[in-house]
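*Asks:* So for the sequence shown, the numbering used here puts the first residue at 1; every next one is plus one.
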Amino acid sequence: MSELQQTKLWDDWDDINLSTPERRIERLEILLCQKVYKGEDISECLQVLEYLKNCTTHQKLESVFFKRVHSKMTFNSWKIIGQATLISLVAISCYFAMYKIVTSSISNNSSSELSQGKQLSKNTPPHSKKHHK
Numbered sequence: 001m002s003e004l005q006q007t008k009l010w011d012d013w014d015d016i017n018l019s020t021p022e023r024r025i026e027r028l029e030i031l032l033c034q035k036v037y038k039g040e041d042i043s044e045c046l047q048v049l050e051y052l053k054n055c056t057t058h059q060k061l062e063s064v065f066f067k068r069v070h071s072k073m074t075f076n077s078w079k080i081i082g083q084a085t086l087i088s089l090v091a092i093s094c095y096f097a098m099y100k101i102v103t104s105s106i107s108n109n110s111s112s113e114l115s116q117g118k119q120l121s122k123n124t125p126p127h128s129k130k131h132h133k
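Written out as structure tokens, the structure reads:
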């Protein structure tokens, strides 16, 4: 008995596992071989087999494409978050630097005004009361 004759016929549906595209292709290839052996028309089988192989290839390519897109989107998201964090840190640093400059300037002005006020009071004679008639 040849290998084709030992292979289960397509009519035996109960034991056939068609859960994955690879299993469907395998079963279709078996059917194709059986049809060739019997001398039947195989054109429809060839079309379906080509379609299933293309679908499987397309699904694999799609999976790779979506993984790449997801990876790139994740990278871009982290890049944006990093840039926003860096900008925030620079802005906070600038704010504190400006605050320090302003507060030191105000305290310097206040102390210099106080010292000038004290020196003015030492140099000017006390006000005398003038009487107006």
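No residue lacks a Cβ here, since even glycine has one placed at the ideal position from N, Cα and C. On a predicted model such as this, the values are computed, not experimentally measured, just so you know.
Roughly how many angstroms separate the alpha carbons of Leu61 and Ile80, rounded to a whole number?
*Replies:* Against the sequence shown, residue 61 aligns to sequence position 61. Against the sequence shown, residue 80 aligns to sequence position 80. One C-alpha to the other measures close to 28 Å.
*Asks:* By Cβ distance below 8 Å, which residues in the same chain neighbour Lys35 in space, the five residues on each side in sequence not counted?
*Replies:* For this step, residue 35 is matched to residue 35 along the sequence shown. Counting only Cβ-Cβ distances below 8 Å, and skipping sequence neighbours, we find Asp41, Ile42, Cys45.
*Asks:* Can at least three beta-carbon pairs, one atom from the stretch 65-73 and one from the stretch 21-35, be found at a separation below 8 Å?
*Replies:* At 8 Å Cβ cutoff, the stretches do not touch.
*Asks:* Could you check what DSSP says for Ile42 in three-state terms: helix, strand or coil?
*Replies:* Within the sequence shown, residue 42 is the residue found at index 42, counting from 1. Reduced to three states, the DSSP call for Ile42 is coil.
*Asks:* Does any heavy atom of the ligand SAH sit closer than 7 Å to the C-beta of Lys100?
*Replies:* In the structure on display, the ligand SAH does not appear, and there are no ligands present to speak of.
*Asks:* Do you know how far the Cα of Ser63 is from the Cα of Trp78?
*Replies:* Here residue 78 corresponds to residue number 78 of the sequence shown, with the count starting at 1. Here residue 63 corresponds to residue number 63 of the sequence shown, with the count starting at 1. Rounded to the nearest angstrom, the two C-alpha atoms are 23 Å apart.
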